[in-house]
Each structure stands twice: as C-alpha cells, then as structure tokens.
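Numbering (this note's numbering), first residue to last: 7 to 209. Read the structure below first, then the notes.
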C-alpha cells in the first residue's frame, strides 16, 4: 500500500490499537483529501474507479452540478462545523460516465485541527445493468477468460505480456465491471452472462 499521510496513520493507530489496516484490500473506493481539496491518497479501488488523481484536485471527480455542495461540505469539515456523515454524490468515473455514490466522510484531525477528510464510496449499479452486458475492453475479456481457465496472476501477466501489477489492475477492473468481489464470483457471473461463450483462453 502506498504511504499514507502521518495524521491519518496516527488516527488509524488510535482506532485500531496499532493494528495495520489493509485498506487496499477493502472493496470500497477510498480517498484522502486535504484542506486545499487535493487528493493525497487513494486505495486501489478508488484508482480503478476514477483513475489516479493523487496530487490533483478532487473537483473533476465530482459531477458539475454537485461540486458546490461538495465544496461547502469540505469547508465545513475543515472549520469543524461538520462531523462524519453520508452524502449522495454524482461522480464521474475514469471513462467519463456519471455514477451515483453514497459517500461516507470522516474528518481526520491532527490535535484540534482538521487536516484531511477520508471518503469511502459505495457505488450504485449502472442503470439497466440487469438487462445489458458489462462493458469489457478486449484486454479485460482476455483477462476474464484466463481467470476462468484457472490461471494465477503471474500466469496471466505472462500470457498477456505485462507486469504482474498490470495484470492485477486488469483483474481488479474485471471485478469492478462485473460488480463482484472475488475471482470465483467473476467467473460465475461471466458464465451466467454468457461472456465466456466466445474464444477460449489461450494455453
């Protein structure tokens, strides 16, 4: 996992009695935004959803008609007038598609000062998902076929001719597109949707 700003690390230690929390393994997009509205940290699910936005403003991630309310919320967090809470927000994913997210936000303090806001998002399914097939790129379809054939991450990386971390990113993208949490669930869902009735995986 990438390094996390010190105040956030301290907060985790206080909440978890020093137990390391594997945030990159959680199946919810999470991001840490500082007092200037700059995204300082994202977990892998967040990067898969909206792209790597670390070091840039959160504003492009939010749909234009929701930006003012989010800015007001962030300001109130920083001045300590708002505590943890939930907001329904329209975001824009890395493909430029609007998605509805229920965002739970938690102010991160360094002493008495709020220095950042941790946001955890729960993404609603795309409209019409139950009647339309998931939108998979050719590389994602190949990754899915290799998963169905029982290949490991290293084997998938070798067959795709990419680095292991790139293969992991493809696998995460497939899970997100199929709205599942495990590789087995992805294969089951793919078989149910007929996504594996095409060219078999290469051996």
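Idealized CB from N, CA, C, for every residue including glycine. Bear in mind the structure is a predicted one, so any value in this text is a computation, not a measurement.
- In the displayed model, residue 144 falls within a helix according to three-state DSSP.
- Residue 85 sits exposed, since fewer than 16 C-beta atoms from the chains shown fall within 10 Å of its C-beta.
- Here the alpha carbon of residue 153 sits roughly 29 Å from the alpha carbon of residue 106.
- Contact between residue 72 and residue 187 does not hold, since their C-beta atoms are separated by about 27 Å, which reaches or exceeds 8 Å.
- Taking every protein chain shown into account, the CB of residue 169 has fewer than 16 other CB atoms within 10 angstroms, so this residue is exposed.
- As the crow flies, the alpha-carbon of residue 194 is around 22 Å from that of residue 163.
- When rounded, the separation of the alpha-carbon atoms in residue 82 and residue 41 is 11 Å.
- Assignment of beta-bridge partners to residue 36 by DSSP yields 126.
- In the DSSP assignment, residue 41 falls outside any beta strand (DSSP E), carrying neither H nor E.
- Residue 120 sits in a strand when the DSSP states are folded into three classes.
- Under the three-pair Cβ rule at 8 Å, the region 116 to 125 does not count as touching the region 140 to 147.
- DSSP places residue 46 inside the beta strand (DSSP E), whose first and last residues are 45 to 48.
- Residues of the same chain with a CB within less than 7 Å of the CB of residue 76, apart from the 5 flanking positions on each side, are 68, 95 in chain order.
- The Cβ atoms of residue 179 and residue 54 sit closer than 7 Å to each other.
- In this structure residue 62 is exposed. Its beta-carbon is surrounded by fewer than 16 other beta-carbon atoms within 10 angstroms.
- The C-beta of residue 182 has 16 or more other C-beta atoms within 10 Å across all chains shown, which makes the residue buried.
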